[in-house]
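Student:
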Amino acid sequence: MAWFVIYLATATVTIIVTDVNDHKPHFTQKVYHATMSENYAVGQSVTSVSATDDDIGSNAALTYSLKEFDRKYFHMITVQATNTGVLKVFRVSRKLS
Ligand SMILES: [Ca+2]
Numbered sequence: 009m010a011w012f013v014i015y016l017a018t019a020t021v022t023i024i025v026t027d028v029n030d031h032k033p034h035f036t037q038k039v040y041h042a043t044m045s046e047n048y049a050v051g052q053s054v055t056s057v058s059a060t061d062d063d064i065g066s067n068a069a070l071t072y073s074l075k076e077f078d079r080k081y082f083h084m085i086t087v088q089a090t091n092t093g094v095l096k097v098f099r100v101s102r103k104l105s
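Everything in the sequence shown is counted per the working numbering, starting at 9 for the first residue and increasing by one.
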């Protein structure tokens with residue numbers, strides 16, 4: 009006899025995009041879904057997000073961040089070259105045993 013125990017967990021994070029003046033940025037998707045393994049390491053990328061902005065130059069430069077509560081397990085980096093945000097693992101919790 010064998011048992012298969014599958015632990016599933018979900019997390020919802022709120023990503024904030026900020027910019028400089030004039031036109032507001034808009035995320036290219038309202039919701040991003042990502043699946044990650046329990047073996048993900050700290051610093052590993054979970055997903056990337058992007059927004060568009062009708063401004064040009066530095067006014068179109070975007071900064072992505074997370075709400076404070078979501079920073080417990082994730083952190084967000086902004087890739088200036090592509091104007092995208094990357095969600096990364098900040099902390100892992102493995103207290104199942
Ligand atoms: Ca703008």
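Don't be surprised by glycine CBs; every beta carbon is placed ideally from N, CA and C.
1. Mark N91 as exposed unless 16 or more other C-beta atoms lie within 10 angstroms of its C-beta, in which case mark it buried.
2. List the endpoints of the continuous beta strand (DSSP E) containing Y72.
3. Give me the Cα-Cα distance between T150 and M44, rounded to the nearest whole angstrom.
4. Give me the Cα-Cα distance between M84 and A42, rounded to the nearest whole angstrom.
5. Among the candidates S66, N47, V87, whose CA atom is the shortest distance from the CA of D30?
Tutor: On the basis of the data shown:
1. buried
2. 71-74
3. Any answer about residue 150 is impossible in this case: the structure gives the chain only from 9 up to 105.
4. Between M84 and A42, the C-alpha separation is close to 14 Å.
5. S66
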